[in-house]
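What follows is a single structure, written as structure tokens, with notes after it.
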């Protein structure tokens with residue numbers, strides 16, 4: 116009885132320790148704070164206006180500015196907030212779960228000051244910006260005319276203030292006597308420093324996703340495109356994005372969906388006196404393509420991983436300049452652990468591999484309608500299963516090489532509600548709505564790479580797959596676990612035998 120009790124206790128302890136360890140692995144289960152904060156009261160219905168974050172203070176709610184950041188030709192204007200004179204406004208952000216590293220990225224105009232606090236009492240003056248112009252009359256220029264330094268996003272590393280429950284940001288006027296107070300457009304809290312956005316157009320409009328204004332370093336006056344058709348750089352016009360990527364991650368990729376006669380250049384200096392990477396289509400080609408460009412060789416040339424991406428026209432004389440749309444950067448490959456991939460979150464960037472026109476909605480879903488699709492790339496450290504939460508008429512496919520695809524789930528026509536699906540890429544077993552009977556083992560001990568693609572099972576009616584999340588459940592290697600148990604069993608047996616031997620010696624004595 117004692118043997119069974121001791122063995123059961125040890126086995127139970129090992130099992131419960133493993134379960135507890137998995138349960139406490141919450142690092143990847145916490146979605147970073149809502150990434151985008153547009154200082155625009157007209158967007159409150161989508162949860163990204165200033166109301167959820169405004170804390171206190173006086174400000175002037177400015178009217179629309181049709182030539183403000185990210186406004187396209189023919190697009191409606193977008194509001195900013197205006198802090199002039201002695202007026203200051205404080206914004207409060209929930210930072211719980213963000214760990215020890217984060218950036219606050221701010222698009223701000225005119226004369227401005229920014230301060231940070233974690234208790235709304237002790238304030239750190241981060242930066243104060245007075246007019247970078249020859250005289251104040253130049254401040255009358257619209258945003259598109261101003262110097263490059265005033266078009267670029269400002270990056271504030273707030274890691275020294277973390278961990279903290281809340282981050283308070285106080286914005287005011289750096290020159291209170293000239294009437295050119297701070298105009299704030301957008302803010303972004305990011306933990307990984309990897310951007311993702313839809314280039315230009317009429318963002319944000321709720322369903323259109325995140326706009327690109329945080330990352331714009333330069334745009335020529337007519338380089339915006341109307342509606343949700345991306346930006347447009349024609350003739351001699353240029354678009355430049357500025358990215359300050361994590362210093363310790365050189366293995367990074369640039370992904371973009373781009374059309375027309377594009378010319379894409381990457382440089383480590385804003386003047387592009389040297390160009391470290393150039394990609395272009397054949398002049399005259401106008402097909403929309405998807406590019407995945409490795410940036411490792413470029414980033415190795417920098418100490419701070421600060422790079423600039425310039426988009427121009429590969430054939431400037433015919434009116435078909437580059438037309439970037441989806442755009443993001445991410446580190447690949449990624450070895451997965453227990454992870455919840457929430458659609459349109461910062462975590463998703465680590466796995467998003469291909470996006471052929473899907474959109475991320477204001478409510479946090481990624482929508483693939485008609486012939487549009489998107490793909491996740493996963494490289495497992497051990498055996499794993501996937502749980503998928505998805506709505507509508509979804510089509511889900513799997514591949515081990517991003518070339519040969521096999522249908523895993525087909526919801527068919529008329530499906531609307533939430534489906535919770537399960538799939539094992541090692542056994543090929545699928546369960547849930549629309550699961551196919553085809554069993555294909557995508558992964559094994561030699562190949563742990565898996566691609567998951569989401570699309571539309573009925574391209575005719577506008578109810579494409581609407582993904583909420585994918586959960587990766589990694590399964591530890593069984594072999595090592597049993598080896599440990601066998602070793603413990605050996606010691607238990609030896610201990611038991613030693614006890615019996617000692618007892619027998621005492622009896623004989």
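Numbering (the working numbering), first residue to last: 116 to 624.
All C-beta atoms in this analysis are idealised placements derived from N, C-alpha and C, irrespective of residue type, glycine included.
Given the structure is predicted, the values throughout are model-derived calculations rather than measurements.
Residue i by DSSP, collapsed to three states: which one?
{"i": "residue 518", "result": "coil"}
{"i": "residue 462", "result": "helix"}
{"i": "residue 584", "result": "strand"}
{"i": "residue 224", "result": "strand"}
{"i": "residue 536", "result": "strand"}
{"i": "residue 510", "result": "strand"}
{"i": "residue 414", "result": "helix"}
{"i": "residue 209", "result": "strand"}
{"i": "residue 498", "result": "strand"}
{"i": "residue 232", "result": "strand"}
{"i": "residue 323", "result": "Note that residue 323 has pLDDT 41, beneath the 50 cutoff, so the model's placement of it is unreliable and no number is given."}
{"i": "residue 277", "result": "coil"}
{"i": "residue 389", "result": "coil"}
{"i": "residue 575", "result": "coil"}
{"i": "residue 333", "result": "strand"}
{"i": "residue 295", "result": "coil"}
{"i": "residue 488", "result": "strand"}
{"i": "residue 433", "result": "coil"}
{"i": "residue 284", "result": "strand"}
{"i": "residue 545", "result": "strand"}
{"i": "residue 428", "result": "strand"}
{"i": "residue 351", "result": "coil"}
Excluding the five sequence neighbours on either side, which residues of its own chain have a C-beta within less than 7 angstroms of the C-beta of residue i, listed in chain order?
{"i": "residue 136", "result": "Since pLDDT at residue 136 reaches only 33, below the 50 mark, its modelled position is unreliable, and the value read off the structure follows with that caveat. Around residue 136: no qualifying Cβ."}
{"i": "residue 130", "result": "Confidence is the limiting factor: at residue 130 the pLDDT is only 38, short of 50, which leaves the residue's position unreliable and the question unanswerable from this model."}
{"i": "residue 458", "result": "475, 479, 480, 481, 582, 583 and 584"}
{"i": "residue 362", "result": "419 and 420"}
{"i": "residue 571", "result": "483, 484, 485, 508, 510, 579 and 580"}
Report the partner residues of residue i according to the DSSP bridge assignment.
{"i": "residue 368", "result": "409 and 445"}
{"i": "residue 422", "result": "358"}
{"i": "residue 301", "result": "153 and 222"}
{"i": "residue 272", "result": "218"}
{"i": "residue 503", "result": "536 and 585"}
{"i": "residue 493", "result": "565"}
Please confirm whether residue i and residue j have their CB atoms less than 8 angstroms apart.
{"i": "residue 380", "j": "residue 369", "result": "no"}
{"i": "residue 281", "j": "residue 237", "result": "no"}
{"i": "residue 526", "j": "residue 548", "result": "yes"}
{"i": "residue 233", "j": "residue 276", "result": "yes"}
{"i": "residue 494", "j": "residue 448", "result": "yes"}
{"i": "residue 312", "j": "residue 326", "result": "yes"}
{"i": "residue 366", "j": "residue 423", "result": "no"}
{"i": "residue 284", "j": "residue 231", "result": "yes"}
{"i": "residue 579", "j": "residue 485", "result": "yes"}
{"i": "residue 587", "j": "residue 451", "result": "yes"}
{"i": "residue 292", "j": "residue 329", "result": "no"}
{"i": "residue 215", "j": "residue 290", "result": "no"}
{"i": "residue 372", "j": "residue 405", "result": "yes"}
{"i": "residue 153", "j": "residue 223", "result": "no"}
{"i": "residue 425", "j": "residue 466", "result": "no"}
{"i": "residue 314", "j": "residue 440", "result": "yes"}
{"i": "residue 228", "j": "residue 288", "result": "yes"}
{"i": "residue 221", "j": "residue 271", "result": "yes"}
{"i": "residue 354", "j": "residue 338", "result": "yes"}
Give the single residue among the options whose Cα lies nearest to the Cα of residue i.
{"i": "residue 408", "options": "202, 443, 418 and 224", "result": "443"}
{"i": "residue 420", "options": "576, 284, 307 and 200", "result": "307"}
{"i": "residue 242", "options": "457, 584, 273 and 451", "result": "273"}
{"i": "residue 352", "options": "298, 418 and 428", "result": "428"}
{"i": "residue 463", "options": "329, 219, 584 and 155", "result": "584"}
{"i": "residue 364", "options": "309, 403 and 344", "result": "309"}
{"i": "residue 561", "options": "288, 496, 553 and 574", "result": "496"}
{"i": "residue 169", "options": "175, 200, 197 and 204", "result": "204"}
{"i": "residue 199", "options": "239, 286, 269 and 235", "result": "286"}
{"i": "residue 508", "options": "332, 574 and 196", "result": "574"}
{"i": "residue 577", "options": "469, 542 and 506", "result": "506"}
{"i": "residue 541", "options": "559, 552, 528 and 551", "result": "559"}
{"i": "residue 411", "options": "453, 446 and 228", "result": "446"}
{"i": "residue 563", "options": "516, 553, 531 and 394", "result": "516"}
{"i": "residue 456", "options": "403, 356, 390 and 567", "result": "567"}
{"i": "residue 357", "options": "350, 334, 565 and 349", "result": "334"}
{"i": "residue 518", "options": "537, 545 and 557", "result": "557"}
Within a Cβ cutoff of 6 angstroms, which residues of the same chain sit near residue i, ignoring the five residues on either side of it in sequence?
{"i": "residue 471", "result": "487 and 488"}
{"i": "residue 511", "result": "523, 524 and 569"}
{"i": "residue 555", "result": "521 and 543"}
{"i": "residue 172", "result": "203, 204 and 205"}
Short of 8 angstroms in beta carbon distance, which residues of its chain neighbour residue i, apart from the five on each side in sequence? Order them along the chain.
{"i": "residue 376", "result": "396, 398, 399, 400, 401, 428, 429, 430, 433, 435, 436 and 437"}
{"i": "residue 590", "result": "497, 498, 499 and 500"}
{"i": "residue 535", "result": "502, 503, 504 and 547"}
{"i": "residue 279", "result": "210 and 233"}
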